[in-house]
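Read through the structure below, which is laid out as structure tokens, and then see the notes.
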Amino acid sequence: MTTTVKILDGGFSGQLSRHVGGKIDGDPLWTARFLATDPDAVYATHLDFLRAGADVIETNTYQASVPGLTRYLNVSERESLDLLAKAVSLARKAVDVYTREADNPRKSHNDIRPTVAGSCGPYGAYLHDSSEYTGLYGKSVSRQELIDWHRPRVQALLDAGVDLLALETIPCVEEAEALLELLREYPHARAWLSFSCRDGQLIADGSVFQEAAVRCYRASPSQIVAIGVNCVDPRYVTPLLKGINGSGSSRDFVPLIVYPNRGGSCSETGGWTAVPDDHSLNLPISEWLNMGVRYIGGCCKIFAEDVKAIRSEVDQYRAKIAAM
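Residue numbers (this note's numbering): 3 to 326.
Below, the structure written as structure tokens:
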């Protein structure tokens, strides 16, 4: 008996800060600015996560929308698209270098080459007003506007050759549905969809997570490889996921994805207060895998050494399952 579980990378901003120093948070482009100012640090950050055991790394494009890049870097649309392609190239370069390294543990058993996911953050991240933690814009921005806003980045990432898309930190049902509609324009594309949640039951906009998640997966099972949550406090993960795969039926199985942050709290206005970087990380990984999690990693303040620990625990779980 085998269970396929993919290890994701961790929080890009925290790991990147180890290479660039200084303050990253607060910039309307966040880590994406470093695609233009320090691409070597972006590449090194990808390599950190690969060496820690990540099977999937995300491009540094969470906050790199075409409108955002043109506005805050004062570049043309063409130059913005080139930066998105550069982000994919840097991730690919890291994968290429990692697979050639002599001490790459995958070489000994012909493990599958790591893959690159194109990170697509929500419209709220572009607004730069913490609305990715509230999703309030879902009621005021039309579905077509959301589709048109996301399309250039999705197109650019697919054109540059990502293996799949990471549609992440989505705070409202309206944006999730817009992304599913956009995805149908690219029938060969695959993606995961992960929500921003306010607690152990609700998406940031107040919708019930399990209802929205199952509905979105059932709407596009041929394109959505997994559905779940990211950048959520670890203590909320179990109640959010529990019961989705409770029937035990393989026909009804929903592959889940989870990559929490280190912990913290969100205010009613969307402000985020994070725990210290050295806050103990004790994730009930086996419990989550038993619930149907097939992609697992970390978000904000989850560093390369944390990914290594997650990898180790998942490997132990798989060995135990294989022996049954």
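Glycine is no exception: its CB is placed at the ideal position from the N, C-alpha and C atoms.
Strand pairing of residue i, partner residues [DSSP]
i, result
"phenylalanine 197", "Ile172, Val231"
"tyrosine 297", "Lys8, Ile259"
"isoleucine 226", "Ala193"
"valine 210", "Leu204"
"glutamate 60", "Ala119"
"leucine 167", "Gly120, Ala193"
Nonlocal neighbours in the same chain, by C-beta distance under 8 Å from residue i, ignoring five residues either side
i, result
"leucine 291", "Thr5, Val7, Ile298, Val316, Tyr319"
"alanine 158", "Val68, Leu83, Leu86, Ala87"
"serine 288", "Glu315, Tyr319"
"aspartate 27", "Ser15"
"leucine 31", "Gln65, Ala66, Gly70, Leu71, Tyr74, Leu75"
"valine 22", "Phe36, Asp40, Ala43"
"isoleucine 304", "Gly12, Gly13, Gly16, Tyr261, Pro262, Asn263, Arg264, Leu283"
"aspartate 57", "Lys8, Ile9, Leu10, Ile114, Pro116, Thr117"
"glycine 24", "none"
"glutamate 187", "Arg153"
"arginine 217", "none"
Minimum Cβ-Cβ distance from residue i to chain C less than 9 Å
i, result
"serine 133", "This model lacks chain C altogether; it includes just one protein chain."
CB-CB length for residue i against residue j, believed under 8 Å
i, j, result
"leucine 166", "arginine 192", "4 Å"
"alanine 119", "histidine 48", "Between histidine 48 and alanine 119 the Cβ distance is about 12 Å, and since that is not below 8 Å, they are no contact."
"alanine 116", "leucine 18", "The sequence shown places proline at residue 116, rather than the alanine named in the question. No, proline 116 and leucine 18 are not in contact; Cβ-Cβ is about 18 Å, not under 8 Å."
"cysteine 302", "arginine 264", "7 Å"
"glycine 55", "valine 231", "Contact flag wrong, Cβ pair sits at about 22 Å."
"serine 222", "leucine 185", "6 Å"
"glycine 300", "proline 241", "Between proline 241 and glycine 300 the Cβ distance is about 19 Å, and since that is not below 8 Å, they are no contact."
"valine 164", "valine 90", "6 Å"
"alanine 306", "aspartate 50", "4 Å"
"threonine 171", "glycine 250", "Actually they are not in contact, since the Cβ atoms of threonine 171 and glycine 250 sit about 30 Å apart, beyond 8 Å."
Beta-carbon contacts of residue i that lie in its chain and below 7 Å, excluding the five residues immediately before and after
i, result
"glycine 272", "Here the model assigns glycine 272 a pLDDT of 49, short of 50, so the residue's position is not dependable, and the following value carries that caveat. Result list for glycine 272: Ser132, Ser133, Tyr135, Thr136, in chain order."
"tyrosine 45", "Leu92, Lys95, Ala96"
"valine 77", "Leu71"
"tyrosine 125", "Tyr139, Val143, Leu148, Trp151, Glu177"
"leucine 204", "Val210, Phe211"
"threonine 101", "Arg115"
"proline 257", "Val227, Ala228, Gly294, Arg296"
"tyrosine 238", "Cys199, Asp201, Gly202"
"lysine 322", "none"
"phenylalanine 327", "The structure shown does not extend to residue 327, since the chain is modelled only from 3 through 326, so no value can be given for it."
"arginine 20", "none"
Cutoff 6 Å; reference residue i; Cβ partners in own chain excluding five residues on either side
i, result
"cysteine 174", "Gly137, Gly140, Asp207"
"serine 282", "none"
"alanine 215", "Ile229"
"tyrosine 128", "Ser67, Gly70"
"serine 209", "Val175"
"aspartate 29", "Arg35"
"serine 121", "Glu60, Thr61, Thr63, Tyr64, Ala168"
"leucine 285", "Pro236"
"isoleucine 259", "Trp194, Ser196, Ala228, Gly230, Tyr297"
"arginine 313", "Ile9, Gly55"
"histidine 130", "Pro30"
Practice item. Scan the stretch 234–269 and note each continuous beta strand (DSSP E) run of 3 residues or more that stays entirely inside, going in chain order. Key: Whole beta strand (DSSP E) segments, 3+ residues: 258–261, 266–268.
Exercise for review: List in chain order: all unbroken alpha helix (DSSP H) runs of 4+ residues lying wholly within the stretch 77–131.
Suggested key: Fully enclosed alpha helix (DSSP H) runs of 4 or longer: 79–102, 125–129.
Exercise for review: Would you check if the stretch 171–189 and the stretch 246–257 touch, i.e. whether three or more CB-CB distances between them fall below 8 Å?
Suggested key: Flag = no, the stretch 246–257 and the stretch 171–189 do not touch.
Check your understanding: Between the stretch 36–43 and the stretch 195–215, do three or more beta carbon pairs fall short of 8 Å?
Key -> Three or more beta-carbon pairs separated by less than 8 Å are not found between the stretch 36–43 and the stretch 195–215, which leaves the two stretches without contact.
Check your understanding: Can you list, in chain order, the stretches of the beta strand (DSSP E) that have 3 or more residues and sit fully within the stretch 17–50?
Key -> The beta strand (DSSP E) runs of length 3 or more contained entirely in the stretch 17–50 do not exist; there are none.
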